[in-house]
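Visitor: Please find one structure pasted underneath; my questions will follow.
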């Protein structure tokens, strides 16, 4: 009897130990880009910024299945708009845009990963909503992409509006705001929702005609459409309906309770916007020799004052030249947009509301002083 | 007993070497450690949730889900608890249909592996060795992509004999509907059932008295059929076959399910049957050879030998390991998340994704599977106890 109890005890202790050891790897779908598994557990005291600086890498939660925003190629390299913002944060913190460990997360995993401290920042086309801000222990930061939900259908289906879709089936990713908006948009109109956990299986169902419509953020739909296999008709076989039936502001998210870290990520985003407004990009930022005080403050260049040369430090906890690092290594907003989703890419998105406020868009950075 | 007689009198060992004390202390210690560890983990979770300003209660169960569930007419305004129940219902629908199917298929293949027919035995062997060694998730994805998705799209479904409407979204077949007069039929059928039981008792007594075979199942079944036919005629066609009717994209009437349901059902039945087949084969082989030889000596036919001698004894051996396969079947239904069938795991993850608290929902999910598994265990254990040889 005692022997049995002993075995039980030992088994229990081992099980507990195993649980502890695996908790970081269990919840991620794909291995991180870096070889080693590190956990972004917040330090018992002090800022997450300090923890990240001590660790030497930023752990960034991203998507791996949305071309243009967060996508892994066959070699496992991450690319996309959101991925570039991870790199921008790393460039600001370390002066090195490569010091990022990407964690691919599904829609369902993302907030748990953030709450448990498994990732430092979540940049995964995540829509800012009140209940997520309030109920998920998350702080949403400055929006990087103003999106809206749309519906994609086959071009030969004859569907022109959502009203044409009564009694039809719609594929949607589960655990997303788009799923909630879909139910709201259809209201009392009968339809069959088919929920999938990842885009690949959803695409297979869509190709087979199981669902008549595919609903998601319009930018995502554009990404999927651009990547639609030629064997299934290619991009021209699909149309995205004109109607936009929700507001989907996408941006970085950090865990509640660390204001300094939230400010850091916020100002990295704002720096890319400010840089575009200043006309600074990766080709000219390091060569800047002008004497515009605003630009010199922004780039962390010395400014002549009565008491000699000073360098502006807003006290964000970042190096004073962080904007220079972000712009030179990753680029300004326009560069990041054009490189990943712009008119010359397969997605072919125009700036639309994602233009600078000076061009009639929504992008507006507070003054850097 | 632990006292030792020495020349100086009876000496008890010190208490730390007293086996009775050690036993009690260790058991108390084990309980303390187990509950202490559980308390520590639970308390830690609670404190962290509170620290991060996350909910620790179950109030969210009354809040609206905001999503619809395919093929259920589920209203997005219904509370989370209703969505979870809808998920449990879908898991149950998989289990209640899948478990009998996999038992039948597994038994057939297990018996086929022992067939003296070379082709049948080898075919069953190839089935078992192939399917058993493929992860169930792969089979599910294969069946979904390579079989179900290859069916016609829902905008142009196949309608064989007008009895079925088959598309990769939904598969619907004819259903039975009752009309007025059905009540009379049910009463007559109930009388038939009572008569069948009476006949069965009479046949059993007759068999015990004379030694002739009783055939009570066969005769009892016949009695029920006779009553059913008479009742059907008296009540005047109270049961009709309703064919599914296709109107554009709306299918009315008929009985069926989503393509993803059938993918999951087929894949898991195929997979689990391969394990059941091995259990059945092993159990038949475990019946002592003398039993088969005795049956042969009595000139029983092959079927009679299987039915009256080998299978009843093999069943006793097979039941405990088969319970495991039933439990595995139910647990594997959680893989439905890969193909989007809305069973309990998918509904839970959906709720988590839509902002409801993960720790509480995962606890509820675990509890749901525990209830499923314990229910199956209890039911099969009752059967097991009834079939056990009673020691005389």
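Residue numbers (my numbering), protein chains in the order written: chain C, 394 to 762; chain Y, 1470 to 1861. Beta carbons: idealized from backbone N, C-alpha and C, even for Gly. Just so we're clear, the structure is a prediction, and the values are computed from it rather than from any experiment.
Distance check for residue 509 of chain C and residue 1518 of chain Y, CA to CA, integer angstroms please.
Guide: The straight-line gap from Cα to Cα measures roughly 10 Å.
Visitor: Are the CB atoms of residue 616 of chain C and residue 740 of chain C nearer to each other than 7 Å?
Guide: It is a contact, given that the beta carbons lie within the stated cut-off.
Visitor: Quick check: is the beta carbon of residue 1573 of chain Y nearer than 7 Å to any beta carbon in chain C?
Guide: Cβ-Cβ to chain C under 7 Å: no for residue 1573 of chain Y.
Visitor: I'd like to know if the region 696-714 of chain C and the region 650-666 of chain C are in contact, where contact means that at least 3 CB-CB pairs between them fall below 8 Å.
Guide: Yes, since at least three Cβ pairs between the region 696-714 of chain C and the region 650-666 of chain C fall closer than 8 Å, the two stretches touch.
Visitor: Which of helix, strand or coil does DSSP assign to residue 1808 of chain Y?
Guide: Coil at residue 1808 of chain Y, not helix or strand.
Visitor: Step through the CB atoms of chain Y and report whether any lies within less than 7 Å of the CB of residue 639 of chain C.
Guide: Not an interface residue.
Visitor: Report, in whole angstroms, the separation of the C-beta atoms of residue 1689 of chain Y and residue 1665 of chain Y, which I expect to be a contact under 8 Å.
Guide: Contact holds; Cβ gap of about 4 Å.
Visitor: Return the CA-CA distance between residue 634 of chain C and residue 548 of chain C, expressed in angstroms with no decimal places.
Guide: Looking at the two C-alpha atoms, the distance is approximately 10 Å.
Visitor: Around the Cβ of residue 501 of chain C, are there at least 16 other Cβ atoms within 10 angstroms (buried) or fewer (exposed)?
Guide: Flag for residue 501 of chain C reads buried.
Visitor: Starting from the beta carbon of residue 562 of chain C, find every residue of chain Y whose beta carbon is closer than 8 Å, and list them in chain order.
Guide: The answer, in chain order, is 1539, 1623 and 1638.
Visitor: Along the chain, where does the alpha helix (DSSP H) that runs through residue 1596 of chain Y open and close?
Guide: First-last of the alpha helix (DSSP H) with residue 1596 of chain Y: 1587-1600.
Visitor: Could you check whether the Cβ of residue 1501 of chain Y sits closer than 7 Å to any Cβ belonging to chain C?
Guide: No, residue 1501 of chain Y does not count as interfacial toward chain C.
Visitor: Ignore the nearest five residues each way along the sequence and tell me which others in residue 722 of chain C's own chain have a CB closer than 6 Å to its CB.
Guide: Here the set comprises 484 and 490.
Visitor: Among the residues of its own chain, which have a CB less than 7 Å from the CB of residue 569 of chain C, if the five just before and after it don't count?
Guide: Hits under 7 Å: 500.
Visitor: According to DSSP, is residue 1758 of chain Y helix, strand or coil?
Guide: Here residue 1758 of chain Y sits in helix by DSSP.
Visitor: Is DSSP giving residue 656 of chain C helix, strand or coil here?
Guide: Residue 656 of chain C falls in the helix class under three-state DSSP.
Visitor: Can you give me the start and stop residues for the alpha helix (DSSP H) that residue 641 of chain C sits inside?
Guide: Counting along the chain, residue 641 of chain C falls outside any alpha helix (DSSP H), though it belongs to the beta strand (DSSP E) covering 641-643.
Visitor: Look at the Cβ atom of residue 1669 of chain Y, then the Cβ atom of residue 1685 of chain Y, and state whether they are nearer than 7 Å.
Guide: Yes, they are a contact pair.
Visitor: Any idea what DSSP makes of residue 729 of chain C, helix, strand or coil?
Guide: Residue 729 of chain C: helix per DSSP, three-state reduction.
Visitor: Could you check the C-alpha separation between residue 1823 of chain Y and residue 1595 of chain Y for me, to the nearest Å?
Guide: The alpha-carbon atoms of residue 1823 of chain Y and residue 1595 of chain Y are separated by roughly 45 Å.
Visitor: So that I know if they touch, is there some Cβ in chain C lying closer than 7 Å to that of residue 1523 of chain Y?
Guide: For residue 1523 of chain Y, the answer is yes, since a Cβ of chain C falls inside 7 Å of its Cβ.
Visitor: Given residue 576 of chain C, which residues of its chain have a CB within under 8 Å of its CB, disregarding the five upstream and five downstream residues?
Guide: Excluding sequence neighbours, residue 576 of chain C sits near 586.
Visitor: Quick check on DSSP: helix, strand or coil for residue 538 of chain C?
Guide: Three-state DSSP puts residue 538 of chain C in a strand.
Visitor: Tell me, to the nearest whole angstrom, how far the beta carbon of residue 1556 of chain Y is from that of residue 1802 of chain Y; I am working on the premise that it is less than 8 Å.
Guide: At roughly 10 Å, the Cβ-Cβ gap does not stay under 8 Å, so residue 1556 of chain Y and residue 1802 of chain Y are not in contact.
Visitor: According to DSSP, simplified to helix, strand and coil, what is residue 1851 of chain Y?
Guide: Looking at residue 1851 of chain Y - three-state DSSP - the assignment turns out to be helix.
Visitor: For the alpha helix (DSSP H) containing residue 572 of chain C, list its first residue and its last residue.
Guide: Note, residue 572 of chain C: alpha helix (DSSP H), 570-579.
Visitor: Beta-carbon of residue 586 of chain C versus every beta-carbon of chain Y: anything under 7 Å?
Guide: Yes, its Cβ sits closer than 7 Å to a Cβ of chain Y.
Visitor: Would a check of beta-carbon distances place residue 629 of chain C closer than 7 Å to chain Y?
Guide: By this cut-off, residue 629 of chain C is not an interface position.
Visitor: May I have the straight-line CA-CA distance separating residue 487 of chain C from residue 449 of chain C, to the nearest angstrom?
Guide: If you take the alpha carbons of residue 487 of chain C and residue 449 of chain C, they lie about 8 Å apart.
Visitor: Using 8 Å for Cβ pairs, my map puts residue 1760 of chain Y next to residue 1749 of chain Y. What's the rounded Cβ distance?
Guide: Actually they are not in contact, since the Cβ atoms of residue 1760 of chain Y and residue 1749 of chain Y sit about 16 Å apart, beyond 8 Å.
Visitor: Just verifying my parser: in three-state terms, what is the DSSP assignment at residue 492 of chain C?
Guide: Note: residue 492 of chain C maps to coil in three-state DSSP.
Visitor: What ranges does the alpha helix (DSSP H) occupy inside the region 692-724 of chain C, keeping only unbroken runs of at least 4 residues that lie completely in it?
Guide: The qualifying runs are 715-722.
Visitor: Since residue 1810 of chain Y and residue 1730 of chain Y are thought to touch, with beta carbons under 8 Å apart, how far apart are those beta carbons, to the nearest angstrom?
Guide: Indeed they touch by this definition, with Cβ atoms about 6 Å apart.
Visitor: Using 7 Å as the threshold, is the C-beta distance between residue 1658 of chain Y and residue 1700 of chain Y below it?
Guide: In contact: residue 1658 of chain Y and residue 1700 of chain Y (Cβ atoms closer than 7 Å).
Visitor: Taking the alpha helix (DSSP H) that residue 607 of chain C falls in, what are its first and last residues?
Guide: Note, residue 607 of chain C: premise wrong, no alpha helix (DSSP H); beta strand (DSSP E) at 606-610.
Visitor: Compare the C-beta of residue 686 of chain C with all C-beta atoms of chain Y and state if any pair is closer than 7 Å.
Guide: So no, residue 686 of chain C is outside the interface.
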